[in-house]
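Undergrad:
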Amino acid sequence: MKAFLWMTIAITLGCKTPNPERCCVDAADCASQGLDEEMRTCAEGLACVANECVVASCSTQGCAASAPVCDIASDICEGCSDAADCARFASEQVCDVGSGRCLQCLTPADCGPTTPVCDANACRGCSLDSECESGACGDDGACIAATSVVYLDPSGTDTGDCTDSQPCRSVPFAVSRTNAARSHLVMRTGVYAMTSFYELGSQQTSAASLIFHGGGSSLVAAQYEGPKLLFSIPVTIRDLTISIEVGRGLSFATGARYVLERVNIRANSTGLEIEGDVTVRDFVLDVAPARGGTIAVTLGSGAALTLERGSISGFATAIGSLEVVSIQAINVLIHGANTRAVDLPQAQGSMSFVTIADSGTNTGDGPRAVACGPSMTISGSIIWAPGTSARVPVSGCNLVSSIAGPTPIAGIPNSDPRFVDAAARDYHLRSDSPAKDMVAAGPNVDFESDPRPRGTRFDAGADEAP
1 MKAFLWMTIA
11 ITLGCKTPNP
21 ERCCVDAADC
31 ASQGLDEEMR
41 TCAEGLACVA
51 NECVVASCST
61 QGCAASAPVC
71 DIASDICEGC
81 SDAADCARFA
91 SEQVCDVGSG
101 RCLQCLTPAD
111 CGPTTPVCDA
121 NACRGCSLDS
131 ECESGACGDD
141 GACIAATSVV
151 YLDPSGTDTG
161 DCTDSQPCRS
171 VPFAVSRTNA
181 ARSHLVMRTG
191 VYAMTSFYEL
201 GSQQTSAASL
211 IFHGGGSSLV
221 AAQYEGPKLL
231 FSIPVTIRDL
241 TISIEVGRGL
251 SFATGARYVL
261 ERVNIRANST
271 GLEIEGDVTV
281 RDFVLDVAPA
291 RGGTIAVTLG
301 SGAALTLERG
311 SISGFATAIG
321 SLEVVSIQAI
331 NVLIHGANTR
341 AVDLPQAQGS
351 MSFVTIADSG
361 TNTGDGPRAV
371 ACGPSMTISG
381 SIIWAPGTSA
391 RVPVSGCNLV
401 SSIAGPTPIA
411 GIPNSDPRFV
421 DAAARDYHLR
431 SDSPAKDMVA
441 AGPNVDFESD
451 PRPRGTRFDA
461 GADEAP
């Protein structure tokens with residue numbers, strides 16, 4: 001009898017004690033579970049999921065940077081409210097309160113010195129000078145400190161140390177203020193004049209090399225004969241227009257390497273005279289208005305030239321040398337040469353994805369537009385040199401996967417490449433061009449940095465058709 005009584009009491013008490021494994025979040029939820037309560041919460045550290053008290057999965061599995069905060073009570077990952085919520089992530093340590101996401105950056109101030117640019121909420125290295133407060137982007141993607149820069153301004157004064165607050169005016173004076181610790185020259189946008197021949201070498205600076213950050217400025221050489229600038233130490237020139245009104249242009253001495261990037265060179269007689277190792281990228285090399293250019297680029301014995309993405313127009317000859325030289329050209333448009341566009345009988349190297357159009361002469365012997373030797377290969381290119389003579393457009397070198405004509409060459413297609421408008425000097429390819437999808441492999445952009453390929457294969461010539 002006593003045992004039965006104790007059992008009855010225990011059952012009665014058990015019915016009045018809430019089940020710790022059952023929960024509900026509001027009155028309606030509780031009613032649906034047959035619970036006569038406004039809310040039944042779980043013990044600390046547990047979440048109410050499907051009316052069961054369980055360990056919150058967001059606390060065991062963690063939350064992603066897109067919603068980094070675990071609400072244990074609801075087992076839901078929620079947005080951040082401050083940087084502390086993002087501290088555990090290796091790179092996304094900035095809280096965007098508006099979206100609740102942890103990001104790598106919101107402004108450049110959130111990025112480090114080696115990746116100073118905030119682009120789409122991710123830090124990356126700089127690629128343009130304009131992305132740096134100092135006006136100078138280094139080759140490694142880090143912005144150059146202003147203390148390492150010599151500054152120029154067209155309205156500056158050639159006194160002092162050419163600092164950011166007190167820039168100097170002329171290139172020669174600015175170079176005189178460079179040294180091993182200040183080897184970058186930033187040119188504030190404007191027009192700079194060169195009034196006499198200037199050699200930039202070890203006598204003018206103690207720096208081992210110099211980098212000019214042109215910032216879209218123009219350097220204009222006055223009307224005097226002879227070369228305007230002679231470089232004899234390694235130099236890089238970026239984002240600059242150089243106008244040579246009379247005579248010869250820029251000279252690069254042997255024994256050094258030089259880089260020209262995003263440059264526009266307008267020349268009168270000779271554009272570039274090369275004895276050393278020169279790389280030119282993203283360029284325009286043409287003849288000054290109302291002038292008659294003799295040769296765009298001439299190379300001395302042992303010189304090396306690399307051309308990437310650009311155009312040469314209007315000179316009698318685009319590239320020429322009778323010496324043993326080295327050349328690599330890719331994604332280059334050459335047009336309007338009234339003698340041979342390329343005259344390199346002893347050159348070694350290659351030209352690929354090059355368009356040579358409306359160039360050549362109707363008189364003389366040999367090929368109309370391109371003369372090269374057996375150590376030169378031209379591939380994936382278009383050489384189109386119409387005229388009244390029956391001479392072939394190119395001879396002497398190896399021609400592969402290219403169009404050359406109109407005069408036929410054995411084994412080489414000579415169909416009209418179908419430029420958009422050759423009469424208007426528009427040498428982009430039409431959609432029905434036979435050059436489309438002609439080459440199996442190639443670069444990832446064309447001469448204007450449009451993507452390649454756009455079809456199943458790569459288009460021959462400098463342009464990749466839409």
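In this note's numbering, the protein residues as written are 1 to 466. Built from N, CA and C at the ideal position, the CB exists for glycine as well.
Skipping 5 residues on each side, what residues in its chain have a beta carbon closer than 6 angstroms to that of Ser311?
TA: Taking the sequence shown and counting its residues from 1, one reaches residue 311 at position 311. Correct list, in chain order: Val284 and Leu333.
Undergrad: Tell me where the beta strand (DSSP E) around Ser352 begins and ends.
TA: The sequence position of residue 352 within the sequence shown is 352, counting from 1. Taken as a continuous stretch (DSSP letters only), the beta strand (DSSP E) holding Ser352 covers Gln348 to Ala357.
Undergrad: For the ligand ADP, I want to know if Ala221 counts as a neighbour, meaning its beta carbon is within less than 6 angstroms of at least one of the ligand's heavy atoms.
TA: What this structure holds is no ligand at all, so the ligand ADP is not there to describe.
Undergrad: To which residues of the same chain is Glu106 closer than 8 angstroms at the C-beta, ignoring the five residues directly before and after it?
TA: What you label residue 106 is simply residue 106 of the sequence shown in a count that begins at 1. Checking the sequence shown, residue 106 turns out to be Leu, not Glu. Excluding sequence neighbours, Leu106 sits near Val94, Asp96, Cys118 and Asn121.
Undergrad: Can you round the beta-carbon distance between Arg188 and Gly215 to whole angstroms, since I take them to be within the 8 angstroms contact cut?
TA: Along the sequence shown, read from residue 1 onward, the residue named residue 188 stands at position 188. Along the sequence shown, read from residue 1 onward, the residue named residue 215 stands at position 215. The Cβ separation is near 6 angstroms, so the contact holds.
Undergrad: Distance check for Ala180 and Thr361, CA to CA, integer angstroms please.
TA: By 1-based counting over the sequence shown, the position of residue 361 is 361. By 1-based counting over the sequence shown, the position of residue 180 is 180. Thr361 and Ala180: Cα-Cα distance of roughly 50 angstroms.
Undergrad: May I ask you to report which of helix, strand or coil DSSP gives Cys105?
TA: The residue given as residue 105 occupies position 105 in the sequence shown. Correct three-state label for Cys105: coil.
Undergrad: Going by DSSP, what residues sit across from Pro451 in a beta bridge?
TA: Along the sequence shown, read from residue 1 onward, the residue named residue 451 stands at position 451. Pro451 is bridged to Val445.
Undergrad: Measure the C-alpha to C-alpha separation of Ile493 and Gly125 and round it to an integer number of angstroms.
TA: Outside the shown range of the chain (1 to 466) lies residue 493, about which nothing can therefore be said.
Undergrad: With distance defined between alpha-carbon atoms, name the residue in Ala318, Ala303, Gly364 and Thr388 nearest to Gln348.
TA: The sequence position of residue 348 within the sequence shown is 348, counting from 1. Selected option, being the one with the closest Cα: Ala303.
Undergrad: Look up Thr279 in the DSSP assignment and say whether it is helix, strand or coil.
TA: Your numbering for residue 279 matches position 279 in the sequence shown. Residue state, collapsed to three classes: strand.
Undergrad: What beta strand (DSSP E) runs, 3 residues minimum, are completely inside the segment 83–161?
TA: With a minimum length of 3 residues, the continuous beta strand (DSSP E) runs that stay inside the segment 83–161 are 94–96, 101–103, 117–119, 122–124 and 149–152.
Undergrad: Note down, in chain order, each residue of its chain lying with its Cβ closer than 7 angstroms to the Cβ of Ala67, except the 5 sequence neighbours on either side.
TA: Here residue 67 is taken as the residue at index 67 of the sequence shown, counted from 1. Taken in chain order, the residues that qualify are Cys77, Glu78, Gly79 and Gly100.
Undergrad: What residue range does the beta strand (DSSP E) around Ser74 cover?
TA: The count along the sequence shown starts at 1 and reaches residue 74 at position 74. Where Ser74 is concerned, there is no enclosing beta strand (DSSP E), given that its DSSP letter is neither H nor E.
Undergrad: Report yes if the C-beta distance between Thr469 and Arg340 is below 7 angstroms; otherwise report no.
TA: One cannot answer for residue 469 here, as it falls past the ends of the chain, which runs 1 to 466.
Undergrad: Between the alpha carbons of Ala3 and Ile72, how many angstroms are there, rounded?
TA: For the purposes of this step, residue 3 is taken as residue 3 along the sequence shown, with counting starting at 1. For the purposes of this step, residue 72 is taken as residue 72 along the sequence shown, with counting starting at 1. Caution is warranted here: a pLDDT of 46 is assigned to Ala3, below 50, making its placement in the model unreliable, and the coordinate value is therefore given only provisionally. The alpha-carbon atoms of Ala3 and Ile72 are separated by roughly 44 angstroms.
Undergrad: Could you tell me which of Leu240, Gln166 and Leu230 sits nearest to Ser218, measuring between CA atoms?
TA: Within the sequence shown, the letter at position 218 stands for residue 218. Of Leu240, Gln166 and Leu230, the residue nearest in Cα terms is Leu240.
Undergrad: Identify, in the order they occur along the chain, each residue of the same chain with its Cβ nearer than 7 angstroms to the Cβ of Val370, setting aside the five sequence neighbours on each side.
TA: Translated into positions along the sequence shown, residue 370 becomes position 370. So the qualifying residues of the chain are Arg340, Ala341, Val342, Ile356, Ile383, Pro393 and Val394.
Undergrad: On the CB-based measure, 16 or more other CB atoms within 10 Å of its CB, does Glu464 come out buried or exposed?
TA: The residue given as residue 464 occupies position 464 in the sequence shown. Buried, by the Cβ-count rule.
Undergrad: In this structure, what does DSSP give as the bridge partners for His335?
TA: Walking along the sequence shown from the start, residue 335 turns up at place 335. According to DSSP, His335 bridges with Ser313 and Ala357.
Undergrad: Roughly how many angstroms separate the alpha carbons of Ala423 and Ala146, rounded to a whole number?
TA: As a position in the sequence shown, residue 423 is number 423, starting the count at 1. As a position in the sequence shown, residue 146 is number 146, starting the count at 1. Cα-Cα distance, rounded: 49 angstroms.
Undergrad: Return the Cβ separation of Gly461 and Pro417 in integer angstroms, given the expectation that the two are a contact with Cβ distance under 8 angstroms.
TA: Within the sequence shown, numbered from 1, the residue matching residue 461 stands at position 461. Within the sequence shown, numbered from 1, the residue matching residue 417 stands at position 417. 7 angstroms between Cβ atoms; contact.
Undergrad: CA-CA distance, Gln346 and Ile237?
TA: Here residue 346 corresponds to residue number 346 of the sequence shown, with the count starting at 1. Here residue 237 corresponds to residue number 237 of the sequence shown, with the count starting at 1. Going from the Cα of Gln346 to the Cα of Ile237 covers about 29 angstroms.
Undergrad: Quick test of your reading: Ile330 and Ser313, contact by CB under 8 angstroms. State the CB separation rounded to the nearest angstrom.
TA: Taking the first residue of the sequence shown as 1, we reach residue 330 at position 330. Taking the first residue of the sequence shown as 1, we reach residue 313 at position 313. Contact flag wrong, Cβ pair sits at about 18 angstroms.
Undergrad: Check the C-beta distance from Ser209 over to Val235 and give it rounded, since I have them as a contact under 8 angstroms.
TA: Working through the sequence shown from its first residue, we reach residue 209 at position 209. Working through the sequence shown from its first residue, we reach residue 235 at position 235. Yes, they are in contact, since the Cβ atoms of Ser209 and Val235 sit about 7 angstroms apart, within 8 angstroms.
Undergrad: Hey, how far is the Cα of Arg88 from the Cα of Pro108?
TA: For the purposes of this step, residue 88 is taken as the residue at position 88 of the sequence shown. For the purposes of this step, residue 108 is taken as the residue at position 108 of the sequence shown. Cα to Cα, Arg88 sits roughly 21 angstroms from Pro108.
Undergrad: Which of helix, strand or coil does DSSP assign to Ala64?
TA: Within the sequence shown, numbered from 1, the residue matching residue 64 stands at position 64. Residue state, collapsed to three classes: coil.
Undergrad: Measuring only the C-alpha atoms, how far is Leu272 from Gln166?
TA: Taking the first residue of the sequence shown as 1, we reach residue 272 at position 272. Taking the first residue of the sequence shown as 1, we reach residue 166 at position 166. The alpha-carbon atoms of Leu272 and Gln166 are separated by roughly 33 angstroms.
Undergrad: Considering only DSSP beta bridges, list what Thr241 is partnered with.
TA: For the purposes of this step, residue 241 is taken as the residue at position 241 of the sequence shown. Thr241 pairs with Ser218 and Asn264.
Undergrad: Going by DSSP, name the residue or residues bridged to Gln204.
TA: As a first step, residue 204 must be located in the sequence shown, where it is residue number 204. According to DSSP, which records beta bridges pairwise, Gln204 is partnered with nothing at all.
Undergrad: Return the chain-ordered list of same chain residues with a C-beta closer than 7 angstroms to the C-beta of Ser57, the five sequence neighbours on each side being excluded.
TA: In the sequence shown, the residue the question calls residue 57 occupies position 57. So the qualifying residues of the chain are Asp75.
Undergrad: Is Val175 helix, strand or coil by DSSP?
TA: Here the question's residue 175 lines up with position 175 in the sequence shown. Three-state DSSP puts Val175 in a helix.
Undergrad: Expressed to the nearest angstrom, what Euclidean distance is found between the alpha-carbon atoms of Phe212 and Thr178?
TA: For this step, residue 212 is matched to residue 212 along the sequence shown. For this step, residue 178 is matched to residue 178 along the sequence shown. For Phe212 and Thr178, the distance between alpha carbons rounds to 11 angstroms.
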